[in-house]
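First up is the structure itself, then whatever we jot down about it.
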Amino acid sequence: MLHELSDRERAILELLADRSFLSVSELARALRVSEVTVRGDLSALEERGYLLRARGGAVPAVHRNIIERLRLNTEAKQRIARKAAELVQDGDRIMIEAGTTTALIARYLVGRQGVQVVTNSMLAFSYARITPQLNLILTGGTFWRETESLVGPVAVQGLVNFNARIAFVGTDGFSVSRGMTTQFAEGAEIVRAMTRRAEITWLVADSSKFGKAGFVTVLPLTAVHGIISDAGLSDEAVASLMELGLEVLRA
3 MLHELSDRER AILELLADRS FLSVSELARA LRVSEVTVRG DLSALEERGY LLRARGGAVP
63 AVHRNIIERL RLNTEAKQRI ARKAAELVQD GDRIMIEAGT TTALIARYLV GRQGVQVVTN
123 SMLAFSYARI TPQLNLILTG GTFWRETESL VGPVAVQGLV NFNARIAFVG TDGFSVSRGM
183 TTQFAEGAEI VRAMTRRAEI TWLVADSSKF GKAGFVTVLP LTAVHGIISD AGLSDEAVAS
243 LMELGLEVLR A
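Using the working numbering, the letters of the sequence shown correspond one by one to residues 3 to 253.
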């Protein structure tokens, strides 16, 4: 999300990340622009789903945790998502799990025709709104604001009704010894369900997550077909992953 914005729009969202509400006058002073300019920026950001207009100002539309994560490794996440999107063909059936990197895949499917996308990601939904040729299906479920995702039994059951060629899933950390891990058990259930319903599964994760472990073990790495990461993933790491029989793509 943040990488598609102007510097001033990005600054507005970063200011909002630290406050639950900011007035137009406060933003104008902080950015050293007119209130008219700020109102125009707020309207544009609201239209794209980044914030909500409130009386005399604005409030963030996404959890602070999401904004913080969107700030990290932005360029690497873009490259990874583009690489993942290249694997999708016209008429494909895919699943996209919630995450700041996985959600970007929907953004880079522009130009694909007849692609069916099943997702529990509200971020992916926001990207897909500007890609009208995608047939997007939301799983339903309990909205988890901290991850902008739909989780719980309803979300898992929703996935049972679909069959996909590819599932793209994320992780909070991965390693040869501990496999894929996450901070949230609810998210782990979604990843497992998508893996069961897809012919092949790609783990989509930037190199900073290699060697890290979240609170919950999701799956062993052998449960996925391969990993899409960035050039920061070392040759040694790639070799250890390939020894497991995984295909490794570095963007």
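Heads up, the beta-carbon is just placed ideally off N, CA and C, and yes, glycines get one too.
Cβ contact annotation for T104 (same chain, cutoff 6 Å, sequence separation greater than five): I98, F170, G172, V206, in chain order. Contact between V38 and L29 fails: their C-beta atoms lie close to 12 Å from each other, not under 8 Å. Each residue's CA atom was taken as its position, placing I139 and Q118 some 8 Å apart. F186 sits in coil when the DSSP states are folded into three classes, being neither helix nor strand. Exclusion of the five residues before and after Y110 leaves A83, R84, A87 as the residues of its chain whose Cβ lies within less than 7 Å of its Cβ. Linking L24 to D9 through their CA atoms gives a straight-line distance of about 18 Å.
The beta carbons of L223 and G189 sit no closer together than 9 Å. Cβ neighbours of A60 within its own chain (closer than 7 Å, five residues either side excluded): L18, L24, L44, L53, L54. Here G116 is near N137, since their CB atoms are less than 9 Å apart. By the CB criterion at 9 Å, G143 and P134 fall outside the cutoff. In the structure shown, L246 falls within a coil segment according to DSSP collapsed to helix, strand and coil.
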